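In my numbering, the protein residues as written are 8 to 65. Cβ atoms here follow ideal geometry from the backbone N, Cα and C, with glycine treated the same way. None of these values were measured; they are calculated from a predicted model. In what follows, a single structure is set out as structure tokens and then discussed.
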């Protein structure tokens with residue numbers, strides 16, 4: 008079995024501190040549900056995470 012590539016990450020918004028799960032390979036722009044600041048930008052594979060990654064969720 009290979010290593011699992013994609014996972015969910017718990018990300019803290021740098022604007023308001025709100026925490027929410029973000030898919031590591033998000034294919035659309037992910038915005039904070041509290042303040043609408045961009046948390047992740049798709050980059051053709053792994054998303055570019057703009058917030059603070061707190062942990063990987065299992």
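Straight-line gap, residue i to residue j (C-alpha atoms, nearest Å)
i: residue 46; j: residue 11; result: 22 angstroms
i: residue 41; j: residue 52; result: 26 angstroms
i: residue 56; j: residue 37; result: 9 angstroms
Cut-off 8 angstroms between Cβ atoms - residues of its own chain near residue i, not counting five sequence neighbours on either side
i: residue 28; result: 15, 16, 17, 18, 64
i: residue 26; result: 17, 18, 19, 20, 61
Cutoff 6 angstroms; reference residue i; Cβ partners in own chain excluding five residues on either side
i: residue 44; result: 20, 22
i: residue 34; result: 49
i: residue 39; result: 20, 25, 46
Neighbourhood of residue i by C-beta, 7 angstroms cutoff - its chain only, sequence neighbours within 5 removed
i: residue 32; result: 13, 52, 53, 54
i: residue 58; result: 18, 19, 20, 21, 46
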